[in-house]
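Here the structure is laid out as structure tokens; the discussion comes afterwards.
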Amino acid sequence: MRNQICHSWALALLTFLVAACGGASGAFSPTFPDSREADIEHVLARVEAAPARPTSSISVGVTEGASPQLFAYDLRAARMLWSIPTHTAVTPVVAGDTVITDENRQITGHDLRTGHETFTLDSEALHLVGGDGEGRLGVFVLSTGGGVIASSKIIMIDGDSIRWTRTAEHACGVPAIHAGLVFVPWGNQNISVLDADSADETARIRIRDDVVGHAFVEGTHVYVGQAGLFRLTPSIAHGTKAEAAYLAVHTPDLPGRPAFLPDAYVPPANASSAAHSVRFAWRPTGTGEEVHLVDDSLYLVFYRTVVALDPSAENVRWVHQSTEDIVGASVQSNGLLVADHTGVLTLLDHADGRPGWHGNLGVAPSSIELGTGDLALQSSPVGEVRPLRDQLTSAAEDTDSRLVPVRVLAVHWLAALEDDAVTENLVSICSAPRVPPSVHNAACVALSERTRSDDHVIAALERHASFLQGTTVPPVGALAQAATRMQERRAIPLLIAQLRDPQTPVEDLPAVVNALKVLGDRSVVDSLEDFLRLYHAEEPTDALTSALSLSVDALVALAGPVAADTLREIADDALGIGQVRSRAAAALEGLGAVSAAAQQADEVRQTGVQATTDTAEADTDADARPEMLTMQHVEAALSPVMNDLQTCMRQDRTHPPSVRIVIVVDGDGVVQQVTTQPPTAQACITPFVSGATFPANRRGSRQVLTYTLRR
Amino acid sequence: MRVELPFSLVFAVSLLLAPLGAAHAQRGVTPAQIRTLLTSSDVGEIRNGIEAVGVVGTGPAVEPLVARIRAGLSPELLDLALDTLLVASRPEAGPVLIELTSHRRAAVRLKAVQALVASHARGAEGCLTTALNDGDPGVRSAAALGLGQLNARGAVETLFLALERGVLEASTAIGQLAAPADIPRLRSYVGRLPFDAMTPAFSEILARRDVPERAKLDLIAQLAEVATAEVKTYLQEFVASLPATDHSAVRRAAEDATLRIVN
Chain S
512 MRNQICHSWA LALLTFLVAA CGGASGAFSP TFPDSREADI EHVLARVEAA
562 PARPTSSISV GVTEGASPQL FAYDLRAARM LWSIPTHTAV TPVVAGDTVI
612 TDENRQITGH DLRTGHETFT LDSEALHLVG GDGEGRLGVF VLSTGGGVIA
662 SSKIIMIDGD SIRWTRTAEH ACGVPAIHAG LVFVPWGNQN ISVLDADSAD
712 ETARIRIRDD VVGHAFVEGT HVYVGQAGLF RLTPSIAHGT KAEAAYLAVH
762 TPDLPGRPAF LPDAYVPPAN ASSAAHSVRF AWRPTGTGEE VHLVDDSLYL
812 VFYRTVVALD PSAENVRWVH QSTEDIVGAS VQSNGLLVAD HTGVLTLLDH
862 ADGRPGWHGN LGVAPSSIEL GTGDLALQSS PVGEVRPLRD QLTSAAEDTD
912 SRLVPVRVLA VHWLAALEDD AVTENLVSIC SAPRVPPSVH NAACVALSER
962 TRSDDHVIAA LERHASFLQG TTVPPVGALA QAATRMQERR AIPLLIAQLR
1012 DPQTPVEDLP AVVNALKVLG DRSVVDSLED FLRLYHAEEP TDALTSALSL
1062 SVDALVALAG PVAADTLREI ADDALGIGQV RSRAAAALEG LGAVSAAAQQ
1112 ADEVRQTGVQ ATTDTAEADT DADARPEMLT MQHVEAALSP VMNDLQTCMR
1162 QDRTHPPSVR IVIVVDGDGV VQQVTTQPPT AQACITPFVS GATFPANRRG
1212 SRQVLTYTLR R
Chain R
5 MRVELPFSLV FAVSLLLAPL GAAHAQRGVT PAQIRTLLTS SDVGEIRNGI
55 EAVGVVGTGP AVEPLVARIR AGLSPELLDL ALDTLLVASR PEAGPVLIEL
105 TSHRRAAVRL KAVQALVASH ARGAEGCLTT ALNDGDPGVR SAAALGLGQL
155 NARGAVETLF LALERGVLEA STAIGQLAAP ADIPRLRSYV GRLPFDAMTP
205 AFSEILARRD VPERAKLDLI AQLAEVATAE VKTYLQEFVA SLPATDHSAV
255 RRAAEDATLR IVN
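Order-wise, the sequence lines are chains S and R.
With positions in the first sequence counted from 1, the corresponding number in the working numbering is that position plus 511.
With positions in the second sequence counted from 1, the corresponding number in the working numbering is that position plus 4.
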């Protein structure tokens, strides 16, 4: 039956009723006492006594296009119930047996099963906030939304008639109805409980440390919340999250800021808004003071991507990538039921996200509410369960530009997995061409922060760009940083090869040089010197200058005084990059200071040794070994081969004015290593120096001795 | 094999060096003097030293320049040094040129490849084969042409791969290096690659004295089967390029083919 209240007499009657009822009950009065335990207990007693809300498989949605349609589809019967033209501004509200739309300032009720219009009324420029219903009874709220001068209407319907209307000089949120009671959140912190028959306020709850904008019913429980979730239990009288039955939920920061529950105090998103494709889906459960989410899962819907998260949003269970945008989602006991914008319905398995039950609406919705409660759809998931890291990698590599924010999140979630193989995935994303900068950066940073040694970093560093083989340069900078954190010395030769490869991006070179400095030893010095010499006079760029300056530091760290000649060449070369020359000059000064200190210490030691030796010799047959070797010992040891060394120097093709020889001698006087500067003299000089006889030292210490051979 | 240097480059360098070269030559500049110039911190002296190397052009003169390159030069001087080594064409420069084929600047790598080809240095073939992988198309092209000039028969397989990947200059090199058995494979690229890119290879093969006449006739026959207008034009131009005194079977085959192609 159609009840057309838009006739003038009916409007007059409605106005009268509003005035009469609204004023008399004291609902929303500022003097009404809140959080009285007795009131709340009374409310809870009625809630507990009421039967659980029945489920409904009737889904209501809106299609897009030139002739948008409002439709109702029965999921269990797999049948379109009705479809009518609509111009609803916002997603229709299902309030029990009534579907409420907001079209051109006109609020219209439609019978859920037939679509027949049951009432219309002027919205009076208020927007439809939301509603709820059980069978014939329904309640919905019209409101101006938040602000200082706010007003709202709470309208109770009974079948095809308006039972009562209440006004409130506050912004009201989404109401719920259960056990003959209407729960109306308002003013961010209050929930007024009205009697569904009389509209009298019977209880008021005040939440002191959280916002409440929504009330809803799940099973036999009433919940309120917005950023988090309260279940109405006696503890709600305390009015705090800590003392009430409360679930804190953390949602990732995403564009459009999809919330756990939409802000009920701002105008709702229109029917074709992307908000229907960027949202969270969940269903509360638990008993007593425990509030949980079904399967402990918070589902993030982001256009084509669905992510099953835990309530902390830090741990991912699975990721599903749909081929089409998802416009509706409903949590079921066995998974997440989603509807895409082509009308395809799919139940994603709660454990792994594999698709199971399928349906098809036969229309292309822009938004849809998928029934109420658990529909107990029989589902047999199909397909292979891919490792989570592969699911996240696929999500991160999705080419849909709208998905960039969730792709970045996928990289973070991927990096957080306790799986060494993740490194391989991060390498793949970090080196993939045409990846948006934010995704690329996230992957490269995550890769550079890997700390557990694994072969993937080594394998990636082995790769070089090859035109013929079709390979591309790996993310060398991030890999170098990772190798450094991993203390992965196997990377040393690979890093040298990357340093020499012109196709290694110059931006990656500082990280490569730094890694060589941290991981390297004498074996990398020649490569660093070659690099420094070859490029120190090149056209400077920030990255190249940085890499060259770091090379100076690395040479000092790895070669010590042996690097002095090279550094002097760089510092003295007028063609060189100023910043690099300065760095080399500063390094030389530092080396000079160290050498002077060492020489002084040597002299002191030598004096002490001499004094000790004198004393010892005077007393007994003293130990003839020196405490430590000095330059005199070196000269004495090299004296027999001095002519050979001079010949080596004269015949050196670089004609050096002098040759610096660095000799590593162990505690027994055995020469362990000889290096020369210039290196061209090394082959000739080394055999002579290695064959020289050095005394052992009393400390048994390994010494590094420097001797300068001059013409 | 005679090395073909870019004429404009040789001309420019010769002009640049001629007056200085004469001056140095008059002074009888020695490698020691060159070394002194090259180890200077004055840009002008270094430049003079590099130019002197070009004038003297001997192995001992090249060595100080090699050392100076390894010690580092500004981009401008390094370019000049490479131009000089290109003109000098000394095998002594081979090792440093090989090192410079891995320089970060593509222009340096290109000059190094060209100078390496000119110097016929040991190891050049392997280095140029590697340079076919270079990220810069100019370097790849120069490497491909260089392999042909160096008669690097061992690089044919890699040149085919380069050709497949779009290094069209590999066509010329393959034409210079291919064995008769490789010719059918070369012909198989007709249709897959622009015909213009293939004609240098065919021209090289048809001009080579070490390719049996039978192989050339087979090539012409295979081209005639393609029978496109551009094949006809190519064969007409080939015939026109032959001396009037040439009455070879290859010429007759090419003439017959042009008549048979109706396009």
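Think of the CB as a built atom: it goes at the ideal place given N, C-alpha and C, for glycine as much as any other residue.
Boundaries of the beta strand (DSSP E) in which residue i is found, first to last residue
i, result
"D706 (chain S)", "N701 to D706"
"V160 (chain R)", "Counting along the chain, V160 (chain R) falls outside any beta strand (DSSP E), though it belongs to the alpha helix (DSSP H) covering V160 to E168."
"M667 (chain S)", "S663 to D669"
"W675 (chain S)", "S672 to A679"
"L502 (chain S)", "In the structure as shown, chain S starts at 512 and stops at 1222, and residue 502 (chain S) therefore has no counterpart that could be examined."
"A687 (chain S)", "A687 to H689"
"R717 (chain S)", "E712 to R717"
"A219 (chain R)", "Segment E217 to V230 is the alpha helix (DSSP H) holding A219 (chain R); no beta strand (DSSP E) there."
"I1172 (chain S)", "S1169 to V1176"
Cβ separation of residue i and residue j, assumed to be a contact under 8 Å, to the nearest whole Å
i, j, result
"T599 (chain S)", "L581 (chain S)", "6 Å"
"V640 (chain S)", "L653 (chain S)", "7 Å"
"A56 (chain R)", "I38 (chain R)", "5 Å"
"P1072 (chain S)", "L1102 (chain S)", "6 Å"
Close Cβ partners of residue i (< 7 Å) along its chain, the five nearest in sequence each way excluded
i, result
"C955 (chain S)", "C941, P986 and A989"
"R913 (chain S)", "Y814"
"H749 (chain S)", "A755"
Same chain, Cβ closer than 6 Å to residue i, neighbours up to 5 away in sequence not counted
i, result
"G730 (chain S)", "A563"
"D138 (chain R)", "R144"
"V849 (chain S)", "I837, A840 and T857"
"D1019 (chain S)", "V987 and G988"
"H638 (chain S)", "P778"
Given residue i as reference, the closest of the options once Cα atoms are compared
i, options, result
"S540 (chain S)", "S:W593, S:D708 and S:R715", "S:R715"
"G1031 (chain S)", "S:E929, S:A991 and S:S1057", "S:A991"
"D671 (chain S)", "S:I611, S:D721 and S:D965", "S:I611"
"P188 (chain R)", "R:P198, R:F206 and R:A174", "R:F206"
"A156 (chain R)", "R:I178, R:L114, R:S145 and R:G170", "R:I178"
"A770 (chain S)", "S:L872, S:R790, S:P778 and S:S949", "S:R790"
"V827 (chain S)", "S:H861, S:A840, S:A1098 and S:V849", "S:H861"
"V950 (chain S)", "S:L937, S:G1087, S:E960 and S:T962", "S:L937"
"Y757 (chain S)", "S:I747, S:R717 and S:V896", "S:I747"
"I595 (chain S)", "S:P779, S:A589, S:G620 and S:R616", "S:G620"
"A75 (chain R)", "S:D1177, S:D1083, S:T1186 and S:A1207", "S:D1083"
"V723 (chain S)", "S:T713, S:S709 and S:F741", "S:F741"
"S1060 (chain S)", "S:V1073, S:S1034, S:V1023 and S:R1033", "S:V1023"
"T105 (chain R)", "R:V266, R:G142 and R:T203", "R:G142"
"V659 (chain S)", "S:M667, S:H681 and S:V650", "S:H681"
Beta-carbon neighbours of residue i, restricted to chain S and to distances below 9 Å
i, result
"V47 (chain R)", "A1085 and L1086"
"R51 (chain R)", "Residues of chain S passing the Cβ test: none, with the nearest at roughly 11 Å."
Within chain S, the residues that residue i reaches when beta carbons sit closer than 7 Å
i, result
"S78 (chain R)", "A1048 and L1086"
Residue i: contacting residues in chain R (beta-carbon distance under 7 Å)
i, result
"S1073 (chain S)", "A small fix is needed here, since residue 1073 (chain S) is Val in this sequence, not Ser. Neighbours of V1073 (chain S) on chain R: none; closest Cβ ~17 Å, over 7 Å."
Contacts that residue i makes with chain S (C-beta to C-beta distance below 8 Å)
i, result
"S106 (chain R)", "R1011, D1012 and P1013"
"G139 (chain R)", "A976, F978, P1013 and Q1014"
"R144 (chain R)", "F978"
"L165 (chain R)", "L979"
beta-carbon residue i near the ligand SAM non-hydrogen atom, thresh 8 Å
i, result
"V47 (chain R)", "For the structure depicted, the ligand SAM is absent and the ligand set is empty, with no information on it obtainable."
Contact list for residue i against chain R, beta-carbon separation under 9 Å
i, result
"A1022 (chain S)", "Result: empty, since nearest Cβ-Cβ is about 16 Å, beyond 9 Å."
"V1017 (chain S)", "R108"
"R1044 (chain S)", "R74, A75 and G76"
Span of the alpha helix (DSSP H) around residue i
i, result
"L820 (chain S)", "Counting along the chain, L820 (chain S) falls outside any alpha helix (DSSP H), though it belongs to the beta strand (DSSP E) covering T816 to L820."
"Q980 (chain S)", "Element bounds for Q980 (chain S): n/a, residue is neither H nor E."
"Q1143 (chain S)", "M1142 to L1149"
"M1139 (chain S)", "That residue, M1139 (chain S), is in no alpha helix (DSSP H); it is neither H nor E in DSSP."
"S1060 (chain S)", "D1053 to A1070"
"V243 (chain R)", "A233 to S245"
"I178 (chain R)", "A174 to L181"
Closer than 8 Å at the beta carbon, the chain R residues around residue i
i, result
"T1165 (chain S)", "A71"
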